[in-house]
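What follows is a short report on a single structure.
There are 2 protein chains.
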Amino acid sequence: MTTLYHYWLSQGSRFIRLLLAEKGIGFDLALTKPWAPGESFLSLNPSGWPPVLAPGGGVPALADARAIAEYIDERHPQPVMLGQNAVARAEVRRLVGWFDYKFAVEVSDTLLFERHYRGMIRAGAPDPTAIRTARTNIRFHLDYIGHLSERRRWLAGDEMSLADLMAAAHLSVVDYLGEAPWDEFQEARQWYSRMKSRPSFRPLLADRVAGLAPPAHYDDLDF
Amino acid sequence: MTTLYHYWLSQGSRFIRLLLAEKGIGFDLALTKPWAPGESFLSLNPSGWPPVLAPGGGVPALADARAIAEYIDERHPQPVMLGQNAVARAEVRRLVGWFDYKFAVEVSDTLLFERHYRGMIRAGAPDPTAIRTARTNIRFHLDYIGHLSERRRWLAGDEMSLADLMAAAHLSVVDYLGEAPWDEFQEARQWYSRMKSRPSFRPLLADRVAGLAPPAHYDDLDF
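Here the protein sequences line up with chains R and W, keeping their order.
Numbering-wise (UniProt numbering), the first sequence opens with residue 1 and increments by one.
Numbering-wise (UniProt numbering), the second sequence opens with residue 1 and increments by one.
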């Protein structure tokens, strides 16, 4: 049986949960805390970060969200999530990288640390400047999602791809924190609404972290 | 002709320069400044970040270091740089991600910003706390490189791979800044010495940025 070591609000973990569901692969979840990974998790991934995928069947545990996604896609090529040719795959991977890195450092990692992890490690009060910067930065990214979805059916082209899953995974964490200003970004909202409506997304909308309630619209498909 | 839009001290740009050279692909360099990308570069990559690869022959410009590397590897599979099977590829990609993200946010992006980019955008004096944290963090990473290279011929296994190129690209930037404490990490130094000796590495050792001289050992193969 495939096991995914994850944390509820880890963006990369949510990305892999979406991908496994879209590929129709059954899996168990095992919880790990990014702020206190523990020895047994560190033996699976010395970085201490989820996600880690244990595919079973003698395959060693795999770490890094993008590496795990490439592995899953290679072993389960259908449905196509990585593009039909090398140029299309480069565009999917560019946008996967955009959210996995640029959006992470500019928006989602900051908000997650300031609004959640900081409390878990008792690292003092949130830094208002960091939060304010992330809240400014997200507007640029939501505008870019709107720009892409005006020109394409999905973010990387005509087919839904890993780019949509990575973007939606990051946005879903920001949305859980009540930090996505959807009202001002209607195209991005429409794209996110389509993502939210997919059966693969349902489990994410049921996630709840103790002491950190999402806004009322979080699991509303007509938000 | 293939053109690589790069910046001298951009870690991802150096990674792609190494990869193109290892694959035996000729290319021109075009300079872009990450702190002031300009309209024409932004039209190639809205993130504003090098590297961007323009492969020519009607192929659109490609962005994101990992996406570019996958494209190059798919079009030029020899020599093998991504592993011989899906599990080996997952390990290569895990370590590529380790340096492209974890090492970047914990060490190299911080040092590059504080010691170089901050001056270019006149953003005030370096933050001593950020520099001190990065100098502490690098020890963990050099220790991990040593751990890996005691157990394997190269970082991801028996063959040199994209993992070595990504790690060496990041380390080379840190080394240019005089921030790599090689004396305390002999295994990591030996691995880096092997990387430095490769013909693909020579052009990187000749890079010089105005107003920011590297330490004397930077281009010394017997450092």
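Just so you know, even glycine gets a beta-carbon here, dropped at the ideal spot from N, CA and C.
As the structure is a computational prediction, the values presented were derived from the model and not from experiment.
Rounded straight-line distance, which links the Cα of residue j to that of residue i
i         : j         : result
Ala88(R)  : Met160(R) : 12 Å
Leu171(R) : Gln78(R)  : 25 Å
Ala210(R) : Ala169(R) : 20 Å
Phe27(W)  : Arg118(R) : 46 Å
Arg75(W)  : Ala67(W)  : 12 Å
Asn45(W)  : Gly157(R) : 16 Å
Gly83(W)  : Gly124(W) : 44 Å
Thr136(W) : Lys23(R)  : 41 Å
Trp154(R) : Leu31(W)  : 32 Å
Ala163(R) : Tyr218(W) : 39 Å
Thr133(W) : Met81(W)  : 33 Å
Trp98(W)  : Glu106(W) : 11 Å
Pro34(R)  : Gly58(W)  : 44 Å
Leu18(R)  : Asp64(W)  : 23 Å
Ile25(R)  : Asn85(W)  : 21 Å
Asp143(W) : Ser200(W) : 25 Å
Lys102(R) : Arg152(W) : 32 Å
Ile121(W) : Arg194(R) : 40 Å
Pro128(R) : Arg198(R) : 35 Å
Ala180(R) : Ser10(W)  : 31 Å
Pro126(R) : Phe113(R) : 9 Å
Tyr192(W) : Ser40(W)  : 36 Å
Leu62(R)  : Lys196(W) : 29 Å
Pro60(R)  : Ala69(R)  : 15 Å
Ile131(W) : Gly48(R)  : 23 Å
Ala54(R)  : Ala216(R) : 34 Å
Leu205(W) : Asp220(R) : 55 Å
Whole-angstrom C-beta distance between residue j and residue i, which should lie under 8 Å
i         : j         : result
Ile145(W) : Ala90(W)  : Ile145(W) to Ala90(W), Cβ: 19 Å. No contact.
Trp182(W) : Phe140(W) : Actually they are not in contact, since the Cβ atoms of Trp182(W) and Phe140(W) sit about 15 Å apart, beyond 8 Å.
Leu95(R)  : Val174(R) : With 8 Å as the limit, Leu95(R) and Val174(R) do not qualify as a contact, their Cβ atoms being about 17 Å apart.
Pro214(R) : Tyr176(R) : 5 Å
His116(W) : Leu212(W) : 6 Å
Range of the contiguous beta strand (DSSP E) that encloses residue i
i        : result
Val52(W) : Val52 to Ala54
Asp28(R) : Asp28 to Leu31
Nearest candidate by alpha-carbon position, reference residue i, set the options
i         : options                                       : result
Arg93(W)  : Gly58(R), Tyr71(R) and Arg118(R)              : Tyr71(R)
Thr3(R)   : Gly56(R), Asp175(R), Ser10(R) and Arg208(R)   : Gly56(R)
Met1(W)   : Leu29(W), Ile16(W), Ile131(W) and Glu179(W)   : Leu29(W)
Tyr7(R)   : Pro50(R), Leu18(R), Ile25(R) and Arg17(R)     : Pro50(R)
Leu20(R)  : Val52(R), Phe99(R) and Pro34(R)               : Val52(R)
Leu148(W) : Gln190(W), Arg122(W) and Ala180(W)            : Gln190(W)
Leu165(W) : Gln11(W), Phe15(W), Ala206(W) and Leu212(W)   : Phe15(W)
Glu184(W) : Ile138(W), Pro60(W) and Arg208(W)             : Ile138(W)
Gly12(W)  : Ala216(W), Asp100(W), Gln186(W) and Glu150(W) : Asp100(W)
Gly178(W) : Ala167(W), Glu150(W) and Ser108(W)            : Ser108(W)
Gly38(W)  : Lys196(W), Ala54(W) and Tyr5(W)               : Tyr5(W)
Gln186(W) : Asp73(W), Gly48(W), Glu150(W) and Ala36(W)    : Glu150(W)
Ala104(W) : Leu221(W), Arg208(W) and Ala167(W)            : Ala167(W)
Paired residues, beta bridge with residue i - DSSP
i         : result
Leu221(W) : Partner(s): none; Leu221(W) has no beta bridge.
Trp154(R) : Gly157(R)
His6(R)   : Leu31(R)
Val209(W) : Leu212(W)
Leu62(W)  : Leu53(W)
Enclosing alpha helix (DSSP H) for residue i [first to last residue]
i         : result
Thr110(W) : Asp109 to Leu112
Tyr192(R) : Gln186 to Lys196
Leu44(W)  : Gly38 to Leu44
Phe15(W)  : Gln11 to Glu22
Asp100(W) : Premise fails: Asp100(W) is in no alpha helix (DSSP H) and is neither H nor E.
Asp127(R) : Segment: none, Asp127(R) is in no alpha helix (DSSP H) and carries neither H nor E.
His170(W) : Leu162 to Tyr176
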